[in-house]
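Numbering (the working numbering), first residue to last: 10 to 335.
Reviewing the structure listed below.
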């Protein structure tokens, strides 16, 4: 059966109730519980609750999951049974309670250690909520104390701080209601407070306080860091969205290496044309030389353009890494 964690606070009380659901359910086979299966023989939530109660009673002596409050495990068993019964849907609650009480009375714990008298008494929902909230807070105290002690480095969440505040407010409210001279001493929550103070005296439960309160902001921090990273990279992005080409000293050397041979050829051609009869031959030589160099010069330009178009020429840039014009 599912447990409704109190606002996902990971409270110890929720873990204890979940354990009561499942720990000894296989030890709770009973013909009365079998009657609660559906027509196809599958276990219903009613059957599992019945088996859970029977198993917990069978293993009562080993049921030591309540820490400092373990002396009141019979109270917690009643609180758990009522909580699970109240959450069943489409069930005759009176009939189901009668079945559970029958299981309880047949157990050997009925007279020895754990009477079920508290279980039906929770029919008054207001008293039940107060009693369960106080017992749960006492059950959670040991774990909450450790969390509060480290809250300077691991902050409490807002919801956890609110849970502690509301629990302390309820504690103070019940304490006022149960002051000597008032006629509320017979209410169940007064007995609850008295039981709790045998374990946690001197209003110890009122001393819990979160040193720091902070919700998990990791996601927003990561978004801020990502935005700063984008801003840092923005100057390196060209308008087209591709990395802007860098101008390096090797590009300058390539330009000089291309220009010097051309100037040399032009000088030789001018001298031959001016002072010899080989002008026409020089012109032909010059024209062939320039055309040849132009054809070589076009290749780096094409490669530079195709560097940003990997889909047109995939892998071509890798084939010409370090290409130099001779």
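Positions of the beta carbon are idealized from the N, C-alpha and C atoms, including for glycine.
| Query | Result |
| --- | --- |
| Continuous alpha helix (DSSP H) assignments of at least 4 residues falling wholly in the stretch 148-212 | 167-186, 197-206 |
| Residue 169 to residue 49 span [Cα, whole Å] | 43 Å |
| Proximity below 8 Å, CB of residue 128 to CB of residue 143 | no |
| Chain-order list of residues whose beta-carbon lies under 7 Å from that of residue 202 (same chain, five-residue window excluded) | 143, 183, 184, 187 |
| Bridge partner(s) assigned by DSSP for residue 222 | 165 |
| With 16 other Cβ atoms within 10 Å as the buried cut-off, status of residue 22 | buried |
| Backbone CA spacing between residue 254 and residue 156 [nearest angstrom] | Interpretation of residue 254 is limited by its pLDDT of 45, a score under 50 that renders its predicted location unreliable; the figure taken from the coordinates is listed afterwards. Answer to the nearest angstrom: the Cα atoms are 55 Å apart. |
| Three-way DSSP call (helix, strand, coil) for residue 111 in this model | helix |
| Closest Cα partner of residue 37 within the set 199, 68, 17 | 68 |
| Reference residue 213, options 56, 149, 44, closest by Cα | 149 |
| C-beta atoms of residue 73 and residue 65 nearer than 8 Å | no |
| Cutoff 6 Å; reference residue 176; Cβ partners in own chain excluding five residues on either side | 146 |
| Reduced DSSP category for residue 7 - H, G, I as helix; E, B as strand; rest coil | Limits of the chain in this structure are 10 at one end and 335 at the other, which puts residue 7 out of reach. |
| Distance between residue 81 and residue 197 (C-alpha atoms, nearest Å) | 15 Å |
| Selected residue, minimal CA-CA separation from residue 93, among 178, 125, 29 | 29 |
| Contact under 8 Å by Cβ, residue 141 with residue 97 | no |
| Cβ-heavy atom distance, residue 75 to the ligand HEM, below 7 Å | With respect to small molecules bound, the structure shown includes none, and the ligand HEM cannot be examined in it. |
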